[in-house]
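Enquirer:
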Amino acid sequence: GIQVEQSPPDLILQEGANSTLRCNFSDSVNNLQWFHQNPWGQLINLFYIPSGTKQNGRLSATTVATERYSLLYISSSQTTDSGVYFCAVVGYTGGFKTIFGAGTRLFVKA
Amino acid sequence: EAQVTQNPRYLITVTGKKLTVTCSQNMNHEYMSWYRQDPGLGLRQIYYSMNVEVTDKGDVPEGYKVSRKEKRNFPLILESPSPNQTSLYFCASSPRGGRISNYGYTFGSGTRLTVV
């Protein structure tokens, strides 16, 4: 099946710093998304981005489908950015299954 | 408000006692799916449904059943729960799925299940 790897696994930032999170995937995909799981456990969709670049406020994402990776950029980080960031892909492996990466745990210090 | 609603939020049950976790969405989405989240194992898909009466297995379907009799509801059924099904469960929906899955997922708030 499709493998999804995220890096780094853990990240500690000072408030105001920038960061880049990476998601590598092993095969072609129909769908790639980034999610944020906040400290209360809620999963929030950040981007649907199977290719190209999107921006939403301080967050932006780029997916290079031909090279099988996606990047999530967080600029001017805030304490409310803390939580776990997941990428998830949908590809055909005997069905259109959704595969999540293990996540990047981010802590932003005030 | 557009949302995915799961019930209950918390449930403690005993081994072997059948239970159902409900999931309902009010966005007329065709695609719905269930996931479990476990420490060290991340989020894994249990079942998904491309549309009414169309369901398929995800990566960890053993011990679970689903049904999709109407578009808005996608219940997860544990016929005989066991302690290894203790987990945090999430339901999600999307306008479309599969090859034409060009939308993001909306998740419910989660159901924390403990089987003793």
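Which chain is which? The protein sequence lines are A and B, in order. Heads up: the first sequence begins at 15 in the working numbering, then just goes up one per residue. Heads up: the second sequence begins at 430 in the working numbering, then just goes up one per residue. Positions of the beta carbon are idealized from the N, C-alpha and C atoms, including for glycine. Note that the structure is predicted; figures quoted are calculated from it, not measured.
(1) So, does the CB of N32 of chain A fall closer than 7 angstroms to a CB anywhere in chain C?
(2) Going by beta carbon distance, what residues of the same chain come within less than 8 angstroms of G527 of chain B, once the five residues before and after it are set aside?
(3) For a test of the three-state rule: what should DSSP assign to G155 of chain A, helix, strand or coil?
(4) According to DSSP, is Q435 of chain B helix, strand or coil?
(5) On the three-state DSSP scale, how would you describe E430 of chain B?
(6) Could you have a look at G537 of chain B and say whether DSSP puts it in helix, strand or coil?
(7) State the Cα-Cα distance for the pair L35 of chain A and R82 of chain A, rounded to the nearest angstrom.
(8) Between B:R501, B:E499 and B:L505, which has its C-alpha nearest Y493 of chain B's C-alpha?
(9) Check whether the region 443-453 of chain B touches the region 72-79 of chain A, counting contact only when three or more Cβ pairs, one atom from each stretch, lie closer than 8 angstroms.
(10) Using a Cβ distance threshold of 8 angstroms, determine whether the region 92-108 of chain A contacts the region 510-525 of chain B, with at least three qualifying pairs required.
(11) Please name the residue in B:F503, B:L542 and B:V544 whose C-alpha comes closest to that of T434 of chain B.
(12) I'd like to know whether the C-beta of G471 of chain B is nearer than 7 angstroms to at least one C-beta of chain A.
(13) Can the beta-carbon of R501 of chain B be found closer than 7 angstroms to that of V481 of chain B?
(14) State the DSSP-derived secondary structure class of A521 of chain B, mapped to helix, strand or coil.
Expert: Quick look at the numbers:
(1) No chain C is part of this structure, whose protein chains are labelled A and B.
(2) Taking the first residue of the second sequence as 1, we reach residue 527 of chain B at position 98. Same-chain partners within the cutoff: Y460 and M479.
(3) Examination of residue 155 of chain A is not possible in this model, given that chain A is present from 15 through 124 alone.
(4) Looking up residue 435 of chain B in the second sequence gives position 6. Strand.
(5) Residue 430 of chain B sits at position 1 when you count from the first residue of the second sequence. Reduced to three states, the DSSP call for E430 of chain B is coil.
(6) Your numbering for residue 537 of chain B matches position 108 in the second sequence. If DSSP states are grouped into helix, strand and coil, G537 of chain B belongs with coil.
(7) In the first sequence, counting from the first residue as 1, residue 35 of chain A sits at position 21. In the first sequence, counting from the first residue as 1, residue 82 of chain A sits at position 68. The straight-line gap from Cα to Cα measures roughly 14 angstroms.
(8) What you label residue 493 of chain B is simply residue 64 of the second sequence in a count that begins at 1. The candidate whose alpha carbon is nearest that of Y493 of chain B is B:L505.
(9) no
(10) Three or more beta-carbon pairs separated by less than 8 angstroms are not found between the region 92-108 of chain A and the region 510-525 of chain B, which leaves the two stretches without contact.
(11) The count along the second sequence starts at 1 and reaches residue 434 of chain B at position 5. Of the candidates B:F503, B:L542 and B:V544, the one whose C-alpha sits nearest the C-alpha of T434 of chain B is B:F503.
(12) One-based indexing of the second sequence puts residue 471 of chain B at position 42. Closer than 7 angstroms to some Cβ of chain A, the Cβ of G471 of chain B qualifies, so yes.
(13) The count along the second sequence starts at 1 and reaches residue 501 of chain B at position 72. The count along the second sequence starts at 1 and reaches residue 481 of chain B at position 52. Not in contact: R501 of chain B and V481 of chain B (Cβ atoms no closer than 7 angstroms).
(14) Working through the second sequence from its first residue, we reach residue 521 of chain B at position 92. Of the three classes helix, strand and coil, the one that applies to A521 of chain B here is strand, per DSSP.
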